[in-house]
Amino acid sequence: MALDTTVVHIGSQQDVRQKTFSAEAYGAEQFPKVRENIVQRAVDAVTLSNAIANDKKAASEKYGVAGSVGAIIPVKFTGTITDRKANYNTVQTEGLPADVTVRVQTGPALNGTELRDATGTITFGQFTNQIEYQNAGSAINNEVKKNVLSRVDPDTLAGKHVSVIGVFQLINPKNWLVTPVQFEVK
0 MALDTTVVHI
10 GSQQDVRQKT
20 FSAEAYGAEQ
30 FPKVRENIVQ
40 RAVDAVTLSN
50 AIANDKKAAS
60 EKYGVAGSVG
70 AIIPVKFTGT
80 ITDRKANYNT
90 VQTEGLPADV
100 TVRVQTGPAL
110 NGTELRDATG
120 TITFGQFTNQ
130 IEYQNAGSAI
140 NNEVKKNVLS
150 RVDPDTLAGK
160 HVSVIGVFQL
170 INPKNWLVTP
180 VQFEVK
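For the sequence shown, numbering that gives the first Met the number 0 assigns the number 185 to the last residue and increments by one with no breaks.
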């Protein structure tokens, strides 16, 4: 038995712990990059809404990144919180037509992988399997909860003025569900 025993030193090439995927570490590393990309590319909601109304496909190509069922588009807007349902708050957004509804995910749960997919640089091929890929998206969402939404009480936002930068997947041009990377209560 002593002849078949190998001593593995922590941090050495043989330490397999160094090679395992940590979703938490990945989210903490990637979120600042994702946020910066979204903030730089965010389109004013009124400009975006007008572009979508004129030509949804052209607007998607100009402002978004291709997604599985619709473009993922970075957007910025200000408005007043009108109500809360489930994990989101509705925002009456300044300058948008009355028939366009903007909802912002405020937790406690954040659904979707729009943040993971928003830059177009995080791809399935970078991960060992679908579980790691999904966990990467969840970990980035967890960073939003920690870094963006931890100071926000979504149950007390009704009537407050907010400024938001985030992303949504363009499925229904009249109903946006935004995942924020910046959320400021004014």
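Cβ coordinates follow ideal geometry from the N, Cα and C atoms, glycine included.
Computed from a prediction, not measured in an experiment: that's the story for all the values here.
Quick check on DSSP: helix, strand or coil for residue i?
{"i": "Arg34", "result": "helix"}
{"i": "Pro153", "result": "helix"}
{"i": "Gly94", "result": "coil"}
{"i": "Val45", "result": "helix"}
{"i": "Ser59", "result": "helix"}
{"i": "Asn53", "result": "helix"}
{"i": "Phe167", "result": "strand"}
Cβ atoms of residue j and residue i: under 8 Å apart, would you say?
{"i": "Ile164", "j": "Phe30", "result": "no"}
{"i": "Thr79", "j": "Lys159", "result": "yes"}
{"i": "Val180", "j": "Val101", "result": "no"}
{"i": "Val33", "j": "Ala117", "result": "yes"}
{"i": "Phe167", "j": "Glu131", "result": "no"}
{"i": "Pro153", "j": "Arg40", "result": "no"}
{"i": "Ala108", "j": "Ala22", "result": "no"}
{"i": "Thr105", "j": "Ala157", "result": "no"}
{"i": "Lys185", "j": "Val151", "result": "no"}
Could you check where the beta strand (DSSP E) with residue i kicks off and where it finishes?
{"i": "Leu114", "result": "Per DSSP, Leu114 belongs to no beta strand (DSSP E); it is in the alpha helix (DSSP H), Glu113 to Asp116."}
{"i": "Val103", "result": "Thr100 to Gln104"}
{"i": "Phe182", "result": "Asn174 to Val184"}
{"i": "Ile71", "result": "Ile71 to Lys84"}
Hey, could you find the ends of the alpha helix (DSSP H) residue i is sitting in?
{"i": "Ser137", "result": "Gln129 to Asn146"}
Tell me whether the region 52-66 and the region 136-155 touch, counting them as touching only if at least three CB pairs, one residue from each stretch, are closer than 8 Å. no
Under 8 Å, with one C-beta from each stretch per pair, do the region 44-52 and the region 87-104 reach the 3-pair mark? yes
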